[in-house]
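Visitor:
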Amino acid sequence: MKIAFVVSEVEDIIKTGGLADVAKALPLALQAMGHEVCIIMPGYQKVLASQAPLENIATTTQTHSAFKLFKTNLQDVPVYLVGHAYFDRKDLYAENNVAYEDNGQRFAFFSHSITEVLQAVDFIPDIVHCNDWHTALTPFFIKQHTMAAHTAQIPALFANTKTILTIHNAAFQGIFRASEIAELNPFHHAVLLDHLGEVNMLKVGIHYADKITSVSPTYAQELLTDLGSHGLHLALQNRSIDLQGILNGCDYTQWNPETDEHIPAHFSIADMSGKDVCKKALQEEFNLPTSPNVPIFGMVCRLTQQKGFGYIVPILGQLMQHNIQIVIVGTGEPFVCQQLRDFAQIHPEKFAFLEGFKPELAHLVEAGSDFFLMPSEFEPCGLNQMYSLAYGTLPIVREVGGLKDTVVGIDTNALKATGFSFDKPYPDALLTCIRRAILLYLEQPETYRLMQERAMRTKFTWTKAAEEFVHLYEVALR
Numbered sequence: 001m002k003i004a005f006v007v008s009e010v011e012d013i014i015k016t017g018g019l020a021d022v023a024k025a026l027p028l029a030l031q032a033m034g035h036e037v038c039i040i041m042p043g044y045q046k047v048l049a050s051q052a053p054l055e056n057i058a059t060t061t062q063t064h065s066a067f068k069l070f071k072t073n074l075q076d077v078p079v080y081l082v083g084h085a086y087f088d089r090k091d092l093y094a095e096n097n098v099a100y101e102d103n104g105q106r107f108a109f110f111s112h113s114i115t116e117v118l119q120a121v122d123f124i125p126d127i128v129h130c131n132d133w134h135t136a137l138t139p140f141f142i143k144q145h146t147m148a149a150h151t152a153q154i155p156a157l158f159a160n161t162k163t164i165l166t167i168h169n170a171a172f173q174g175i176f177r178a179s180e181i182a183e184l185n186p187f188h189h190a191v192l193l194d195h196l197g198e199v200n201m202l203k204v205g206i207h208y209a210d211k212i213t214s215v216s217p218t219y220a221q222e223l224l225t226d227l228g229s230h231g232l233h234l235a236l237q238n239r240s241i242d243l244q245g246i247l248n249g250c251d252y253t254q255w256n257p258e259t260d261e262h263i264p265a266h267f268s269i270a271d272m273s274g275k276d277v278c279k280k281a282l283q284e285e286f287n288l289p290t291s292p293n294v295p296i297f298g299m300v301c302r303l304t305q306q307k308g309f310g311y312i313v314p315i316l317g318q319l320m321q322h323n324i325q326i327v328i329v330g331t332g333e334p335f336v337c338q339q340l341r342d343f344a345q346i347h348p349e350k351f352a353f354l355e356g357f358k359p360e361l362a363h364l365v366e367a368g369s370d371f372f373l374m375p376s377e378f379e380p381c382g383l384n385q386m387y388s389l390a391y392g393t394l395p396i397v398r399e400v401g402g403l404k405d406t407v408v409g410i411d412t413n414a415l416k417a418t419g420f421s422f423d424k425p426y427p428d429a430l431l432t433c434i435r436r437a438i439l440l441y442l443e444q445p446e447t448y449r450l451m452q453e454r455a456m457r458t459k460f461t462w463t464k465a466a467e468e469f470v471h472l473y474e475v476a477l478r
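Read in UniProt numbering, the sequence shown has 131 at position 131, and its numbers run on one by one without any break.
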């Protein structure tokens, strides 16, 4: 098949979150299976300045504005970059935590450009795979292009092209005043749906895409509920027959304790001694006492309420009564950051917080911790719990979304357990779960070791995910 992957960011080119990981790994896995794949993304200022050499493919006129088209490569996959003043800015979506006011127009323009990009590079795909609200208008514009061709009695280049929309996080829907989006001026009747004067880009994508996926099976079920869909449940219930949850994979070339270049010592199931070296290095990095017998709870994430800080912060005082250490690394909401900074000052020998992100520190936290905290309010898929499993760092998760699909809690199935889980959205439920982990670590070291081994044998590959997507593409084409 010929597959065009349309996305707003790609790892190794530019990245702000997990979407970029998927946008690198899935196209590469599809290409490795023998399919012909290209990626189309915005030509952000940082990308055009850093990606060398860039091939200037064409200057093409889209409905409302001309844009330049550049080409680079992600290994063997061609990547086409849509260059326009809309993307000639310091960052991708926002500056100083304030979203660009014209994001609706920016990404509507990008979605509208896709048909011209594909024609300019002579790539008429079987599948156009879109991702999140930034590209969710693409299925609509492809169908409009086909209708216009039929009306003009000219060849409809995309008549046989099918569109897939993957929802990575339904909390972000792209809701804007339609009157502020020039790309939509002729199409208000088709895109306003049920929003008075507003266009919900993700909902438009749900309405017009041929198939819809989410990033885990449990999240697909949650999206059909009022609570789990952030208000999209009716739209998704109408398309439930076309909705499928496909679990993201993990890039084990980057996240492998036997080969990880970011950690001070390698380790494996057969020889775990290197993990003790990593634990000591983690303690030294964060100025914590270097005791090998104190359990370390690590956390690397965006510092938002979604990640469970409404559960974590209220119980920190009680956790400090135990002989444990906690290391948290990340950036995010100023209020959460301030709470963590204050707590780190009060308990410097037990609690460490770094506001920032460095890849090498993320790897060190995964390798050196005994447990990894992911008590999310909701989690469409999650990747850190997969990394944690690979490093024998037992995850502590809430039973939602992809966390439920990837971590087996000890109280759910002791014989297959790979971590610890809780269900109720309350701080006390998390506190009980963490205390359960502390007791097992201190009093049942053999059980802890067996869980580590089981966790490290657990694999979630992109090859498996790609196979499921290929099957879905085939169903769509039929």
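Cβ coordinates follow ideal geometry from the N, Cα and C atoms, glycine included.
Do the region 9-21 and the region 445-462 touch if we need at least three Cβ pairs shorter than 8 Å?
Guide: Contact between the region 9-21 and the region 445-462 is absent, because fewer than three Cβ pairs lie under 8 Å.
Visitor: Where does Y44 sit, in a helix, a strand or coil, going by DSSP?
Guide: In the structure shown, Y44 sits in coil (DSSP, three-state: anything other than H, G, I, E or B).
Visitor: Going by Cα to Cα distance, which pick from D126, A85 and E285 is closest to A352?
Guide: The shortest Cα separation from A352 among D126, A85 and E285 belongs to E285.
Visitor: Find the nearest neighbour of I434 within the set L403, Q338, L319 and F469, judged by alpha-carbon distance.
Guide: I434 has its Cα closest to that of L319, out of L403, Q338, L319 and F469.
Visitor: Just to confirm, is the Cβ distance from L118 to Q75 under 8 Å?
Guide: The answer is no: Cβ separation not under 8 Å.
Visitor: Could you name the residues of the same chain whose beta carbon sits closer than 8 Å to that of P348, not counting the 5 residues immediately before and after it, in chain order?
Guide: Same-chain partners within the cutoff: N287.
Visitor: Can you tell me where the beta strand (DSSP E) holding G298 begins and where it ends?
Guide: Start and end: I296 to V300.
Visitor: Report yes if the CB atom of M456 is closer than 8 Å to the CB atom of C250, and no otherwise.
Guide: No, the pair does not count as a contact, with Cβ atoms beyond the cut-off.
Visitor: Please state whether the Cβ-Cβ distance between P303 and G330 is less than 8 Å.
Guide: Note that residue 303 corresponds to Leu in the displayed sequence, not to Pro. Yes, they are a contact pair.
Visitor: By alpha-carbon positions, which one of H129, L184 and P125 ends up nearest to residue 490?
Guide: Limits of the chain in this structure are 1 at one end and 478 at the other, which puts residue 490 out of reach.
Visitor: At 3 residues or longer, and completely inside the region 330-371: list those beta strand (DSSP E) runs for me, N to C.
Guide: Within the region 330-371, the complete beta strand (DSSP E) runs of at least 3 residues are 351-355.
Visitor: Which value, in whole angstroms, describes the spacing of the CA atoms of I167 and S240?
Guide: Roughly 13 Å between the two C-alpha positions.
Visitor: Between P445 and the ligand ADP, is there a pair consisting of the residue's CB and a ligand heavy atom that are separated by less than 7 Å?
Guide: For the ligand ADP, the structure offers nothing, since it holds no ligand at all.
Visitor: Is it buried or exposed, A108, if we count other Cβ atoms within 10 angstroms and call 16 or more buried?
Guide: So A108 counts as buried.
Visitor: I315 and P427 look like a contact to me (Cβ under 8 Å); what is the Cβ gap, rounded to whole Å?
Guide: 5 Å between Cβ atoms; contact.
Visitor: In whole angstroms, what is the alpha-carbon distance linking E180 and T135?
Guide: Their Cα atoms are separated by approximately 17 Å.
Visitor: Look up C38 in the DSSP assignment and give the residues it is bridged to.
Guide: Note: C38 sits in a beta bridge opposite A4.
Visitor: Measuring straight from C-alpha to C-alpha, what distance separates V128 and D411?
Guide: Using only the alpha carbons, I get a separation of about 42 Å.
Visitor: Restricting to Cα atoms, I'd like to know which of Q244, H230, C337 and Q321 is closest to L470.
Guide: The displayed chain sequence assigns Val, not Leu, to residue 470. When each option's Cα is compared against that of V470, the closest is Q244.
Visitor: Mapping the DSSP letters down to three states, classify S214 as helix, strand or coil.
Guide: In the structure shown, S214 sits in a strand (DSSP, three-state: E or B).
Visitor: Touching or not, the region 69-88 and the region 33-43, by the rule of three or more beta carbon pairs under 8 Å?
Guide: Yes: at least three Cβ pairs fall under 8 Å.
Visitor: By DSSP, does C278 sit in helix, in strand, or in coil?
Guide: Residue state, collapsed to three classes: helix.
Visitor: Would the region 371-390 and the region 232-239 be scored as touching if the rule is three or more Cβ pairs under 8 Å?
Guide: Too few Cβ pairs lie closer than 8 Å, so no.
Visitor: So the candidates are W133, L69, R89 and N160; which of them puts its Cα closest to the Cα of L202?
Guide: Taking only the C-alpha atoms, the option nearest L202 is W133.
Visitor: Flag this pair as yes or no: are the beta carbons of V300 and A362 separated by less than 8 Å?
Guide: Taking 8 Å as the Cβ cut-off, V300 and A362 qualify as a contacting pair.
Visitor: Between the Cα of M33 and the Cα atoms of A466, Q283 and F5, which residue gives the shortest distance?
Guide: The candidate whose alpha carbon is nearest that of M33 is A466.
Visitor: Name the DSSP beta bridge partners of H129, please?
Guide: H129 pairs with F5 and I164.
Visitor: What number of angstroms, rounded off, separates the C-alpha of Q105 from the C-alpha of V400?
Guide: Approximately 34 Å between the Cα atoms of the pair.
Visitor: Please give the ranges of any alpha helix (DSSP H) in the region 223-289, keeping only runs that are unbroken, at least 4 residues long and fully inside the region.
Guide: Listed in chain order, the complete alpha helix (DSSP H) runs (minimum 4 residues) inside the region 223-289 are 226-229, 233-238 and 273-285.
Visitor: So, do the region 218-228 and the region 171-178 have three or more beta carbon pairs nearer to each other than 8 Å?
Guide: In short, these stretches do not touch, since the Cβ pair count stays below three.
Visitor: Hey, L19 and V7: beta-carbon distance below 8 Å or not?
Guide: Closer than 8 Å, so yes.
Visitor: How long is the line joining the alpha carbons of A429 and G308, rounded to whole angstroms?
Guide: Straight-line Cα distance between these residues: approximately 12 Å.
Visitor: What is the rounded straight-line gap between the Cα of P445 and the Cα of V47?
Guide: Straight-line Cα distance between these residues: approximately 48 Å.
Visitor: I'd like to know whether the C-beta atoms of E258 and S273 end up nearer to each other than 8 Å.
Guide: Their beta carbons are not under 8 Å apart, which means E258 does not touch S273 by this criterion.
Visitor: Excluding five sequence neighbours on each side, which residues of the same chain lie with their C-beta closer than 7 Å to the C-beta of Q405?
Guide: Correcting the residue type first, residue 405 is Asp in the shown sequence and not Gln. Counting only Cβ-Cβ distances below 7 Å, and skipping sequence neighbours, we find S216, P217, T218 and L247.
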